[in-house]
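Remarks on the structure that follows.
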Amino acid sequence: MNLLLAYSAAHRARMLRHPEPNNRIALWVRDVFPKLRQTLVENPNDVSDNTLAVVIMMASVEIICSGTFEVPISWQDHLTMARQMISARGPPLGTSRKDHVAYFLSRWFAYLDVIGSLSGGKTDMPASYWSAQTPETDEDFEIDCLNGFTTRCIGSLARISDLAKICEPQRIDPDGNIRADWKPGPDIVRQAVQIRRELEEGLLERNIRKGCNHRSDASTESEGAWDATEIFATNELFHWAGLIHLYRRVLGKPASDIEVQHAVGEIVGLLYKIRQGSTAEACIIFPMFAAGCDSEDQVQRDTIMERLKSVEGFGMTNTPKVATLLQTVWDTGKPWESLVSGEFFG
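If you want it as structure tokens, here you go:
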């Protein structure tokens, strides 16, 4: 609870552009790290929901309110610890939906882990352990209201991340430039084609449905219509962003490729289905950055940067860093992979 209070206080202060209550935060979290260390020493193989929640929350705090804790630990290191805990608890996708707490934590961490990996995070464990190896069910095509996209999509994004890590050393030269003549091997292409097919299927309306309805009873019919529009648009945005990563980082297509530019255009078009200042807008940094890096149209770039600036109003410190990185990509013409330095694209 103390960690949640510190998280809330730091975020509220930044959202309102007030100084953070550092003394109060320090008081709340002074026992968090010692207790966590003691728990891990005493029960290294018995990771409780509470212990996992603490580590996931610390990663989240460091992403959106970096520097809140006096202990200088990066979000990547927090996620590494959480990943080890998840692994010790068993296959993450084996978590039953009936165990509401464990299932919630697995979804929360899956988002951080996969988007963090696609943001250039270096991990020893493949992100594709989030990819289901079991037959698909109807639930895989439900839009998860926590993540904003389907369970099937998180698996596709995880596999793209792993393939991109394999390709990156050959695709980008020591000077940080893309090798124009680089092409992936046949096995990589085979896997990429399968992932592409899955993402394209995920864009078909007949396959997707809204999996939950957490609107309050006081919500108006108009608000309900907007909620539905935004959650379907968010799901599409992440699918198109996945295709951009697949085209560029795995299949080696240039930014000027017609399929890349089509995906960029689709993302920019979908932004008009997301209200400025809405909770949905705070969740679409990843697709906006993906489209922005490969946009060759100034109007599109202006639209994306305007929406990123809008998200800055939510008080998340990672957003200005992402906007600065995007501007650097435009100014230098270099791939973001050679410029990234700890930014989280979500």
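No gaps in the numbering here: position 180 of the sequence shown is 843 in my numbering, and each next residue is one more.
Yeah, the Cβ is synthetic: ideal placement off N, Cα and C, and Gly gets one too.
Treat the numbers as computed from the prediction; the structure is a model and nothing was measured.
Query                                                                                         : Result
Asp-960 versus Ser-723: straight-line alpha-carbon distance, rounded                          : 33 Å
Which residues DSSP lists as bridging Ile-841, in chain order                                 : Ile-835
Of the listed residues Ile-871, Arg-746, Gly-978, Gln-833, nearest to Ile-726 (C-alpha basis) : Gly-978
Reduced DSSP category for Pro-798 - H, G, I as helix; E, B as strand; rest coil               : Its pLDDT being 47, under 50, Pro-798 is placed unreliably in this model, and the value from its coordinates should be taken loosely. Pro-798: coil per DSSP, three-state reduction.
Val-717 beta carbon less than 7 Å from that of Leu-699                                        : yes
Identity of the residues DSSP links to Thr-813 by a beta bridge                               : Ile-806
CB of Lys-936 within 7 Å of CB of Ala-896, strictly                                           : yes
For Val-764, three-class secondary structure by DSSP                                          : helix
Three-state secondary structure (DSSP) of Pro-983                                             : helix
Glu-899, DSSP secondary structure in three states                                             : helix
Residue range of the unbroken alpha helix (DSSP H) whose run includes Leu-703                 : 695 to 705
Helix, strand or coil at Met-678 [DSSP, three-state]                                          : helix
Where Thr-743 falls: helix, strand or coil (DSSP)                                             : helix
C-alpha gap between Ala-891 and Glu-861, whole angstroms                                      : 23 Å
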